[in-house]
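Going by our numbering, the sequence shown opens with residue 20, and the numbers climb by one from there.
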Amino acid sequence: MGLSGERETRAVHVTLVAQTHVPDEAFETLREQFSDEEIAELTLLVGTINLWNRMAISFRAVHPTNLVKARASS
């Protein structure tokens, strides 16, 4: 899946915080495209999705599409 624009490309930096710690220059490029409020919302959204993913992995959740495939093949 490709990124659709400059905003999305710059927003990726927030999702890579574990690897990059969002260097100052990356944050400054983010600020060129997003307001402080949008950066806060984006950060909360990324954190929420990260939490959902960690919970799904921990509870061994199965995506509904995979459940349908598994039921169809059994």
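From the three backbone atoms N, C-alpha and C, an ideal C-beta is built for every residue, glycine too.
Exercise. Since Val31 is in the alpha helix (DSSP H), which residue starts that stretch and which ends it?
Worked result: That run of the alpha helix (DSSP H) goes 25–34.
Tell me which residues share the same chain as Met74 and place their Cβ nearer than 8 Å to its Cβ, disregarding the 5 neighbours each side in the sequence. Take Met74, set aside five residues on each side of it, and the residues of its chain with a beta-carbon closer than 8 Å to its own are Ala80, in chain order.
Local conformation of Ser77 per DSSP, three classes
In the structure shown, Ser77 sits in a helix (DSSP, three-state: H, G or I).
- DSSP three-state assignment for Phe46, whether helix, strand or coil: Residue state, collapsed to three classes: helix.
Quick one: grab the DSSP three-state call for Val41. Coil at Val41, not helix or strand.
**Study point:** Coil, strand or helix - Ser92 by DSSP
**Key:** Ser92: helix per DSSP, three-state reduction.
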